[in-house]
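Residue numbers (numbering that gives the first Met the number 0): 0 to 201. Glycine included, C-beta positions come from ideal geometry on N, C-alpha and C. The structure under discussion appears below in the form of structure tokens.
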Amino acid sequence: MFREGIRSRIERESDMTVVGEAGTAEEAFDLVEQTDPTVLILDIRLPNMSGLEAARRLRNRHPDLSILLLTGYDFDQYVRAAARARIQGYLLKDSPQEELVDAVHEIARGGTVLSPDVASKVIENLAEVSDSGRPKRISELTVREIEILEMLFQGMRNAAIGDRLEISTRTVEAHVGNVISKLGAQNRTEAVQIALENRIIR
């Protein structure tokens, strides 16, 4: 439904054509190979692979491809990761459709776009202190650690997380330990709660 809405709105633009749609990263890779689009609108959450990882691979294979990342997250660590992946646009999913159209136009012209709500979040410089008084180092969380936080929120155990990410259980344990430390939490349950309160996951 969300994808249909985007397609319907873009097709109303006389200078835009939707050349295809994909539901997975693998489908997106094939579609880009077949159609060579000017702009790719990519969801940050894809089955079996994050949108950020898909964007990195696409940019490596197609350096001239412009990518607009759609996300429900305004957490600045995602923005930093997007910048490292050389993504030209970062827009929240609940942005007005006109803002989406403007973003596609701007990116197609070679510009960059950052959702106003995300920009405000990035420039905030608030003291980050947990209830226990220990400082939280939220901005130091890596994208992989955020992915693991999401899986912890889903109730997944270390072994299942390791299988999903194709890493060892010991590596997962190390990531979880880092997450707990950076969030100033006592345990993984508290870490998830802090992540929810700070809109790192949802």
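{"Item": "Same chain only: Cβ atoms within 6 Å of Ala184, ignoring 5 sequence neighbours per side", "Value": "Ala190 and Ile193"}
{"Item": "Where Arg44 sits in the DSSP three-state scheme", "Value": "strand"}
{"Item": "DSSP beta-bridge partners of Tyr89", "Value": "Leu68 and Leu113"}
{"Item": "At least three beta-carbon pairs within less than 8 Å, the region 63-71 to the region 81-100", "Value": "yes"}
{"Item": "CA-to-CA distance, Leu182 to Gly50, given in whole angstroms", "Value": "24 Å"}
{"Item": "Exposure label - Ser13; buried when at least 16 CB within 10 Å", "Value": "exposed"}
{"Item": "Boundaries of the alpha helix (DSSP H) in which Met150 is found, first to last residue", "Value": "Val142 to Phe152"}
{"Item": "Straight-line gap, Glu172 to Gly161 (C-alpha atoms, nearest Å)", "Value": "9 Å"}
{"Item": "Cβ-Cβ separation, Ala54 to Leu41 (assumed contact under 8 Å), whole Å", "Value": "6 Å"}
{"Item": "Ala84 and Thr37 closer than 9 Å at C-beta", "Value": "no"}
{"Item": "Nearest candidate by alpha-carbon position, reference Gly176, set Arg56, Arg143 and Pro115", "Value": "Arg143"}
{"Item": "DSSP state of Leu39 mapped onto helix, strand, coil", "Value": "strand"}
{"Item": "Proximity of Ser65 and Gln87 at Cβ, strictly below 9 Å", "Value": "yes"}
{"Item": "Local Cβ density within 10 Å of Ala82, reported as buried at 16 or more and exposed below that", "Value": "exposed"}
{"Item": "Rounded distance between the beta-carbons of Gly19 and Leu30, thought under 8 Å", "Value": "5 Å"}
{"Item": "Closest by C-alpha distance to Glu25, when choosing among Val17, Arg56 and Ser7", "Value": "Arg56"}
{"Item": "Reference Met48, options Leu113, Ser114 and Glu146, closest by Cα", "Value": "Glu146"}
{"Item": "Exposure label - Leu39; buried when at least 16 CB within 10 Å", "Value": "buried"}
{"Item": "Distance CB(Leu203)-CB(Val178) smaller than 9 Å", "Value": "A question about residue 203 goes unanswered here, because the residues of the chain that appear run from 0 up to 201."}
{"Item": "Buried/exposed call for Ala80, threshold 16 Cβ in 10 Å", "Value": "buried"}
{"Item": "Three-state secondary structure (DSSP) of Ser207", "Value": "Within the shown structure, residues of the chain are numbered from 0 to 201, placing residue 207 beyond reach of any answer."}
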